[in-house]
Each structure stands twice: as structure tokens, then as C-alpha cells.
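Before any comments, here is the structure.
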Amino acid sequence: MAKLRVGILISGRGSNMAALIRAADEPDYPAEIACVVSNIADAPGLGIADKAGVATAVVSHQGYPNRESFDRVLSTTLERHGVELVALAGFMRILDRWFVERWAGRLINIHPSLLPAFKGRQVERQTIEAGVRISGCTVHLVVPDLDAGPIVAQAAVPVLPGDTEQMLSARILRQEHHLYPLVVRWFAEGRVVETDRGVEVKGVAPGGTLLFSTEP
Ligand code: GRF
Numbered sequence: 003m004a005k006l007r008v009g010i011l012i013s014g015r016g017s018n019m020a021a022l023i024r025a026a027d028e029p030d031y032p033a034e035i036a037c038v039v040s041n042i043a044d045a046p047g048l049g050i051a052d053k054a055g056v057a058t059a060v061v062s063h064q065g066y067p068n069r070e071s072f073d074r075v076l077s078t079t080l081e082r083h084g085v086e087l088v089a090l091a092g093f094m095r096i097l098d099r100w101f102v103e104r105w106a107g108r109l110i111n112i113h114p115s116l117l118p119a120f121k122g123r124q125v126e127r128q129t130i131e132a133g134v135r136i137s138g139c140t141v142h143l144v145v146p147d148l149d150a151g152p153i154v155a156q157a158a159v160p161v162l163p164g165d166t167e168q169m170l171s172a173r174i175l176r177q178e179h180h181l182y183p184l185v186v187r188w189f190a191e192g193r194v195v196e197t198d199r200g201v202e203v204k205g206v207a208p209g210g211t212l213l214f215s216t217e218p
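This note's numbering puts the first residue of the sequence shown at 3, with every later residue one more than the last.
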């Protein structure tokens, strides 16, 4: 069966992108990475993708009169690579409504908190300041509102006394690297279905869309 063609959008180091590329290297993984697109020309992730033999492109957000014209070029770049699912992985631009509607149901993001808690930026700092004992990461469908789309899956980790933002971020990131490839696999297997209550993942046991790690 043909593999699902995934386009990954990055702006920086690209560790989630690398996790997806590694997963897609496995012969029985049902998705392939069609391209990695960055809005930042020297994003470290681009070098990792290049080395792995994945097609890369840079679409700088500068030099466009408005968000939609940038988003249209981005979209055309993805289409040129035959992309069927777009995975945001540390992509630091807010996408215009036009783009979100163009890729509706086929545009996902990973966020380092248990949404709907702690949206936006400096997420680990918000988490520690709130004093919560549990946090994690969320993969969700992207909608025009920031960090607000239907949740596909989450992975939870403890927030430990004495955690710095870096320690918490590293703990969450280890789970992100499991969760994102798993969710992309579900999309490729056609299991992810939108319902009036949100997203259902067919054929995954109840509770299977929540991972829990007690790893310190
Ligand atoms: C991750 O924490 C992800 O949840 C957030 O941005 C960060 C990207 O990290 N959206 P990386 O570039 O994948 O290493």
C-alpha cells in the first residue's frame, strides 16, 4: 500500500522532525517524509533532514505583504512534494485561516503541555509557575485559534520538585518523540476520524491515546 506523504514544517532544531524521519526509516512504517520546509534559512533541523536524504525547502516569511501570501507559497511548496498530511514541529509562525482551511483535518501540531492548559509560548515556565504536578504533550488538529484544535493524543509526565524549565522540557520532549510518530502512524492507517465530540482514533483501545511516563 502507498505510504502517506508527510510534510514537516520547522523553524528550529527539529528534534520532533528527526523522530518522524527515524520512524519513517522503518520499512513497515506506513508514512514517508515527503519534505521538510523551514521558514528560517539556518534552522539546524534542515541539516539533519538533508543528511537523512529528505527533500528540504526554505520559505522565508519575510518579504511577503501579508500572512496569507506567505501561507500560499508554503502550501504550494507542500503540494509540489505531494504532501497529504502536514505536521508542524516547532514551526514558529501562526498560520493564516486560509492555510488552516486548505489543510483542514490534515494539519497537526505538537505542543509541550496537556492542552487546553498552558497555550502559547514559554510553556514549561507557565507549567512550573502554576505548580501543577503533571504535564506532558499534546498532538492536536490545527484550527485557526492558537493551540485549540481537537486533541488526537496526549502523553503525560510528572512535574518534579526542583524542576527547571530545561529539565521539564527534556522530560516532555522524550515523550513527544514517541507520541508524534505514533499519531502520524494512526493518520497513515486511516484511524483518525473527526466526530462531533472531537477526534476518535479507531481500533485503538480506550486509553490508548494517553501515554503516561513516570520516568524522572
Ligand atoms: C517542541 O517542544 C514542540 O512541542 C513545540 O516546539 C518544540 C519543538 O522542538 N511545538 P523541536 O524543534 O522539535 O526539537
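We put the CB at the ideal spot given by N, CA and C, even for glycine.
(1) Reducing DSSP to helix, strand and coil, say where I130 ends up.
(2) State buried or exposed for G47, treating a residue as buried only when at least 16 other CB atoms are found within 10 Å of its CB.
(3) Answer with buried or exposed for M3, where buried requires no fewer than 16 other C-beta atoms within 10 angstroms of its C-beta.
(4) To the nearest angstrom, report how far apart A51 and D44 are at their CA atoms.
(5) Can you tell which of I136, V159, E217, G122 has the C-alpha that lies nearest to the C-alpha of D147?
(6) Starting from N111, trace the beta strand (DSSP E) in both directions and tell me its first and last residue.
(7) Can you list, in chain order, the residues of its chain whose CB lies under 7 Å from that of D30, leaving out five sequence neighbours each side?
(8) In or out: F120 buried (at least 16 other Cβ within 10 Å) or exposed?
(9) Got a sec? Which residues, its chain only, sit under 7 Å from H63 by beta carbon, not counting five neighbours each side?
(10) Quick check on the DSSP output: the beta strand (DSSP E) that includes F214 runs from which residue to which?
(11) In whole angstroms, what is the alpha-carbon distance linking A33 and I130?
(12) Any contact of the region 8–25 with the region 79–95, i.e. 3+ C-beta pairs under 8 Å?
(13) Quick one: Cα of L80 to Cα of G55, how far?
(14) What span of residues does the alpha helix (DSSP H) with L80 cover, start to end?
(15) S40 lies in the beta strand (DSSP E); which residues open and close that run?
(16) Note down the Cα distance separating V38 from L87, rounded to an integer number of angstroms.
The answer reads as follows:
(1) Translated into positions along the sequence shown, residue 130 becomes position 128. Here I130 sits in helix by DSSP.
(2) Your numbering for residue 47 matches position 45 in the sequence shown. G47 comes out buried.
(3) As a first step, residue 3 must be located in the sequence shown, where it is residue number 1. It is exposed - the Cβ of M3 has fewer than 16 other Cβ atoms within 10 Å.
(4) In the sequence shown, residue 51 corresponds to position 49, counting from 1. In the sequence shown, residue 44 corresponds to position 42, counting from 1. Cα-Cα distance, rounded: 12 Å.
(5) In the sequence shown, residue 147 corresponds to position 145, counting from 1. Nearest of I136, V159, E217, G122 to D147, Cα basis: G122.
(6) Mapped onto the sequence shown, residue 111 falls at position 109. It spans 109–113 - the beta strand (DSSP E) in which N111 sits, taken as one unbroken run.
(7) By 1-based counting over the sequence shown, the position of residue 30 is 28. Cβ neighbours of D30 beyond the five flanking positions: none.
(8) The residue given as residue 120 occupies position 118 in the sequence shown. Per the 10 Å Cβ criterion, buried.
(9) Taking the first residue of the sequence shown as 1, we reach residue 63 at position 61. These residues qualify, in order along the chain: N41, F72, R95.
(10) Walking along the sequence shown from the start, residue 214 turns up at place 212. Segment 212–214, the beta strand (DSSP E) holding F214.
(11) Here residue 33 refers to the residue found at position 31 when the sequence shown is read from its first residue. Here residue 130 refers to the residue found at position 128 when the sequence shown is read from its first residue. Taking the straight line joining both Cα atoms gives about 36 Å.
(12) yes
(13) Locating residue 80 in the sequence shown gives position 78, counting from the first residue. Locating residue 55 in the sequence shown gives position 53, counting from the first residue. If you take the alpha carbons of L80 and G55, they lie about 17 Å apart.
(14) As a first step, residue 80 is located in the sequence shown; it is residue number 78 there, counting from the start. Run containing L80: 69–82, per the alpha helix (DSSP H) assignment.
(15) In the sequence shown, residue 40 corresponds to position 38, counting from 1. Residues 33–40.
(16) Taking the sequence shown and counting its residues from 1, one reaches residue 38 at position 36. Taking the sequence shown and counting its residues from 1, one reaches residue 87 at position 85. Each residue's Cα considered, the two are about 12 Å apart.
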